[in-house]
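Report on the following structure.
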Amino acid sequence: LVIKPNETLFLFDNLEDSKIITCSTTKKLEEKYAFFQPEWNQSMVDFMKSVAIIEGPKLKISSKLLDGKFCYGCAIPKMLNASPFKRHCFTVVFKKRLQVELLPQRQGNIFPIETTRNVSCRIKYDNTSVDRIPPQLNCSLTEKTDFLSKMPGYMVNGSIQVDPSAKRAAADIDAEIMEASDPSSGISTKQVRVWFAREKDLEIDFPGAHGAYATTSTFDQLCTFKWVELGDAFRQNFTWKNSKNNRTVKNQNPPKLLVQNKMELETSYFCEFSVGNITRTRNLEYKIVDMDKLKFSTRAKQLYTAGNKNFTITCDVDPKEAEFLPNFSYGWYEEPNGRRMPKTIEVENYDFGAHHMVCNSPNSKVSKLKWTFYVVNLTNMEMEIEPAASDKVYKEGTKMIVVCRVSPAEVRKSLQPNIFWQINATARVNDAVLNLATLREGAYQLQCKTDATGDISKTLSVYIVSSKAKLIVSTDNKTTFLRNEPQPQCKWSSEWMNKHSIFGITGSSSSEYDGAVEYRTITCAYSRRDLKRNATYQVSLVARENIKLRLTYNGQAFTRNVRSVECKTYPDFSSETSKVRWVVVQNHTHFKIDGNKLVPAAQDQTILQHQYGSYICVFERKDIFLTQVFVVLTLAQSPVVLKPENVTVIDKNTLLYCSFDGKASVTENVHLDIFLGPRRHTSQKTTKSTQLSFDEVTVLGGRYFVTCVVNTQGQPLWANIHEVDFYDNPDYPILEKDHIYGSEPVNCMNRAFPVFGRVLKAETDDENGAIEECGDSYCFATFSVYGYYNIQCTFEGVHKAVGFTFIKTYNATYSGPEYVPSMSRGNKVEGSFKIFFFVECLIFLLLIVIFTILAASEQKKRVEQQAMRATQKSRDFKRSVLKDLDGQYVNVNMLEFTKNDHLRLVAMTTLFDGCYDQFAKKEKKDSEKVIQPETASNYRVTMRRALTKLLNDGFNQSDSSSSDAQDGPETSMKVTRNGNNSANYK
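Mind the numbering: the sequence shown is residues 1 to 986 in UniProt numbering, read in order.
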């Protein structure tokens with residue numbers, strides 16, 4: 001048997017390369033006789049995990065074979081034991097699979113000079129080749145350019161020897177791969193890059209970094225090593241992270257940090273380098289400067305005496321961190337020549353006179369600091385204005401010249417200072433002469449100043465009035481007001497004039513009455529020299545209960561043409577017309593809604609008979625809710641009626657039901673319908689039901705419209721519309737729903753009605769959000785985060801002349817279209833609950849302390865009263881004791897009393913005085929007698945019954961004779977009082 005090619009080493013440059021090894025007989029017998037056909041025997045393969053492709057006498061070597069040594073056997077199968085046998089062993093090496101590894105192992109081939117003495121190499125095979133005999137290959141390090149060998153401290157000879165004194169270096173080294181048995185074989189050469197660095201070379205550096213940045217700054221910051229070449233080679237190993245949470249930031253293109261907005265600018269960063277066991281970090285530190293608040297200043301004086309030494313004038317920038325801003329420099333500049341000077345100048349280098357300096361930064365928009373200092377020999381100066389004038393009012397355009405100058409004259413002549421006018425502490429006029437005609441309308445504080453006198457100045461106040469300025473009363477043309485609404489006030493059309501008392505307006509008003517409407521005429525005037533103005537405005541005032549809704553005509557059966565129906569308020573609230581709306585109960589085919597009107601759907605259209613339409617006009621504005629029913633072309637009287645009949649006010653115990661021919665209907669053709677409720681609560685129907693108990697439905701107090709509906713052949717026929725007012729006592733409010741989505745309102749509701757003078761509001765103390773007013777309701781603020789909230793509903797107002805407040809807290813969920821659950825939000829909510837429970841515990845403990853203090857105070861008060869009673873037993877009776885009695889008092893507002901109420905109060909007071917005088921006389925007569933125990937009790941009973949009788953009879957206007965009979969003998973009982981027991985009678 002002959003093997004061709006009879007080689008023991010196969011080298012492949014690419015993984016796609018292959019080789020065929022054939023096995024044949026010496027004389028090619030297999031070509032004539034198939035009996036002698038040799039074959040490679042797979043059973044003779046030493047390693048089964050990596051095999052070549054066998055095709056009879058052919059053995060194909062490809063990338064399916066791993067690098068290593070393999071042995072295969074060739075024989076003639078048909079000759080059996082008589083067959084010759086040939087064993088062939090060979091080594092396969094794919095150059096691309098070979099890897100060179102430097103020893104000692106260092107990630108990135110970065111070797112510290114301080115700890116490295118020798119660097120060698122070895123062959124590393126891929127990890128899938130661990131199950132075969134690897135080829136016997138050696139590795140040797142060489143250098144073609146001799147770059148590293150020529151540097152002191154390095155030697156390359158199969159390996160690299162490093163001296164501790166060597167300097168940093170980077171070089172490309174050749175790793176030659178050869179057979180162990182034949183060093184000259186030269187199988188392959190791999191090039192590796194090695195770095196020899198000292199510890200300081202591995203320190204992170206921020207080239208071009210600045211210690212401060214403006215709030216609008218955007219910048220790129222490179223992170224690298226102090227050995228820049230090494231940093232460039234490993235730029236992908238630098239990462240920018242957030243200093244607070246140690247997370248990798250998104251605004252980076254390693255190794256650069258990209259700061260593009262204010263949020264990114266306000267984040268703190270650090271740069272991290274990591275490769276293998278080498279890790280380095282460094283914080284990026286800088287200050288943020290608001291350029292709008294940047295300003296130049298100096299603490300120097302403006303006036304210096306000639307000959308003074310050791311005085312300097314320094315230009316300071318505030319804040320001081322601005323000195324580290326990129327492209328920011330500043331200093332003094334002399335005017336007018338513009339010569340640049342340092343930030344600090346010495347006064348002794350300047351001659352006598354005025355010196356004008358400007359502190360400026362040429363590369364920024366920071367306002368310049370103009371500073372003039374004087375070197376003089378006179379310091380006694382003051383300012384004066386000619387002609388001398390007091391506060392005055394001038395028409396716009398009036399020519400009036402005022403002059404500013406320095407006094408005394410010798411100072412003015414010697415110094416020749418730069419005199420100027422400062423207008424309202426901002427604008428500056430560099431002239432001693434000022435013409436008031438150059439000023440626009442407004443209030444002005446004119447300061448006469450000079451740069452040479454520091455803070456010495458003189459002020460002139462003037463007011464420039466435009467010829468267009470006039471008196472106005474209202475700017476929104478609103479002419480109708482409720483009596484409790486603020487009424488329009490006279491004011492100037494120029495808003496600035498309303499802020500100065502010199503333009504005070506005198507006003508008067510007169511009224512005329514037309515029924516419940518008061519027509520008030522407001523007149524206001526102003527007069528001062530040649531400035532005279534006046535204005536007149538008429539408004540209508542009406543009480544809330546006197547506002548009515550009126551229709552142009554009542555509903556009727558039309559037979560020919562349809563006329564428009566307009567619904568409006570009386571008196572007319574022209575500014576509130578948009579709040580008048582129509583609610584459709586049963587639509588009429590010939591009508592359509594147009595704002596506050598019902599207009600014909602088509603002109604000149606004949607109305608068919610027996611068509612029915614019903615509408616309700618609604619006017620709703622805060623606490624005003626008015627309705628007016630309009631019915632057109634009604635049917636005959638419906639046999640279906642609402643029970644109880646003629647009821648207008650209901651409560652939660654009322655049961656409404658429909659009656660058919662006087663009997664409660666239970667058929668499916670009759671049902672009760674609530675089609676309009678108070679406020680924004682829309683229709684709610686009880687389908688196939690003839691009765692409704694308001695206790696079973698969560699409703700609001702207010703006006704409801706109900707009717708009984710009869711379905712005939714699928715068409716609804718409506719009975720008359722009924723209006724009922726649902727009343728209930730104030731109670732704890734309820735939250736409309738416990739899941740608020742997006743901008744949905746947060747509605748706190750209550751059954752109490754009417755709602756005049758009452759407030760229903762929703763609020764929360766949660767730190768993650770807030771509830772604010774939005775229109776007539778409440779909703780979550782835009783910055784509120786999604787999650788769970790404690791919502792507090794507050795209902796407060798007045799009920800039967802007594803104030804009340806009901807507060808209740810509910811749990812609700814707030815979410816929206818962009819809601820994404822996250823652990824961070826959950827943590828915030830959990831933290832909020834913990835804080836909530838903690839605060840609740842503190843409040844509970846505080847309440848216990850307060851109750852303890854109140855109880856102790858009450859006990860102390862009782863002890864003092866008992867002591868006072870004990871001491872009074874030995875004293876004579878005095879009228880002054882009455883003011884110390886611990887009695888019951890009633891606060892009375894006399895402005896709310898009618899004439900009859902005043903008379904009743906006087907009668908009640910007279911009765912009390914009469915009873916008291918009678919008792920006092922009795923006391924004097926029986927001063928030496930001992931009062932019976934029941935006397936004090938009889939006196940209290942008599943007084944209380946008398947006052948109660950007077951109040952009940954007087955305010956309820958009951959018959960006096962019946963009242964006398966009711967009290968019986970108790971009211972005529974004689975009472976006595978002992979002066980020693982005055983404190984016992986309350």
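Beta carbons are placed, not taken as given, at the ideal position from N, Cα and C, and that holds for glycine.
Using a threshold of 9 Å, state whether the C-beta atoms of residue i and residue j are closer than that.
{"i": "E566", "j": "L541", "result": "no"}
{"i": "T248", "j": "K241", "result": "yes"}
{"i": "S407", "j": "E384", "result": "yes"}
{"i": "V393", "j": "Y286", "result": "no"}
{"i": "Y537", "j": "I650", "result": "no"}
{"i": "residue 1028", "j": "L439", "result": "With the chain represented from 1 up to 986, any question about residue 1028 goes unanswered, as that position is not in the structure."}
{"i": "K737", "j": "A855", "result": "no"}
{"i": "V228", "j": "P207", "result": "yes"}
{"i": "G803", "j": "F783", "result": "no"}
{"i": "D64", "j": "A75", "result": "The sequence shown places Lys at residue 64, not Asp. The answer is no: Cβ separation not under 9 Å."}
{"i": "V21", "j": "K58", "result": "For the sequence presented, residue 21 should be read as Ile rather than Val. Result yes, Cβ atoms of I21 and K58 sit closer than 9 Å."}
{"i": "T707", "j": "D673", "result": "yes"}
Tell me which residues share the same chain as residue i and place their Cβ nearer than 7 Å to its Cβ, disregarding the 5 neighbours each side in the sequence.
{"i": "F35", "result": "K78"}
{"i": "P319", "result": "V289"}
{"i": "S243", "result": "S268, Y269, F270, N283"}
{"i": "I624", "result": "R544, I547"}
Can you list, in chain order, the residues of its chain whose CB lies under 6 Å from that of residue i, leaving out five sequence neighbours each side?
{"i": "K370", "result": "V358"}
{"i": "T344", "result": "T312, T314"}
{"i": "G276", "result": "Q107"}
{"i": "P84", "result": "L1"}
{"i": "A525", "result": "T506, N534"}
{"i": "V930", "result": "Low local confidence applies: a pLDDT of 44 at V930 is under 50, so the model's placement there is unreliable, with the coordinate-based value given in what follows. Taken in chain order, the list of residues that qualify is empty."}
Leaving out five residues on either side along the sequence, give the residues of the same chain with a beta carbon under 8 Å from the beta carbon of residue i.
{"i": "A166", "result": "I113, M151, P152, G153, Y154, F196"}
{"i": "V759", "result": "T794, F795, E796, G797"}
{"i": "E7", "result": "F90"}
{"i": "E696", "result": "The predicted position of E696 is uncertain, since its pLDDT is 49 and thus under 50; a value taken from the coordinates is nonetheless stated next. Cβ within range, chain order: n/a, list empty."}
{"i": "G531", "result": "Before going further, note that residue 531 is Leu rather than Gly in the sequence given. The answer, listed in chain order, is V393, K395, V465."}
{"i": "R550", "result": "C567, K568, T569, Y570, Q628"}
Along the chain, where does the beta strand (DSSP E) containing residue i start, and where does it finish?
{"i": "V585", "result": "580 to 586"}
{"i": "G56", "result": "That residue, G56, is in no beta strand (DSSP E); it is neither H nor E in DSSP."}
{"i": "G68", "result": "68 to 75"}
Distance check for residue j and residue i, CA to CA, integer angstroms please.
{"i": "Y570", "j": "Y810", "result": "42 Å"}
{"i": "P362", "j": "P387", "result": "42 Å"}
{"i": "S185", "j": "M178", "result": "5 Å"}
{"i": "P38", "j": "Y72", "result": "13 Å"}
{"i": "K301", "j": "F373", "result": "7 Å"}
{"i": "D201", "j": "K226", "result": "5 Å"}
{"i": "C774", "j": "G742", "result": "13 Å"}
{"i": "Q105", "j": "K95", "result": "22 Å"}
{"i": "S508", "j": "T480", "result": "19 Å"}
{"i": "G787", "j": "R198", "result": "55 Å"}
{"i": "G397", "j": "Q489", "result": "30 Å"}
{"i": "S120", "j": "Q252", "result": "38 Å"}
{"i": "E864", "j": "L846", "result": "27 Å"}
{"i": "N424", "j": "S461", "result": "10 Å"}
{"i": "I123", "j": "L141", "result": "12 Å"}
{"i": "K478", "j": "K458", "result": "47 Å"}
{"i": "E744", "j": "A781", "result": "11 Å"}
{"i": "I616", "j": "P733", "result": "29 Å"}
{"i": "F630", "j": "L735", "result": "34 Å"}
{"i": "F591", "j": "R563", "result": "9 Å"}
{"i": "D766", "j": "N430", "result": "57 Å"}
Rounded to the nearest angstrom, how far is the Cβ of residue i from that of residue j, given a contact under 8 Å?
{"i": "E620", "j": "K579", "result": "6 Å"}
{"i": "V192", "j": "I173", "result": "5 Å"}
{"i": "S18", "j": "I61", "result": "6 Å"}
May I ask whether a heavy atom of the ligand FMN can be found less than 8 Å away from the beta carbon of residue i?
{"i": "T25", "result": "The ligand FMN is absent from the structure shown, which contains no ligands of any kind."}
Note the first and the last residue of the continuous alpha helix (DSSP H) segment covering residue i.
{"i": "M263", "result": "262 to 265"}
{"i": "V228", "result": "228 to 233"}
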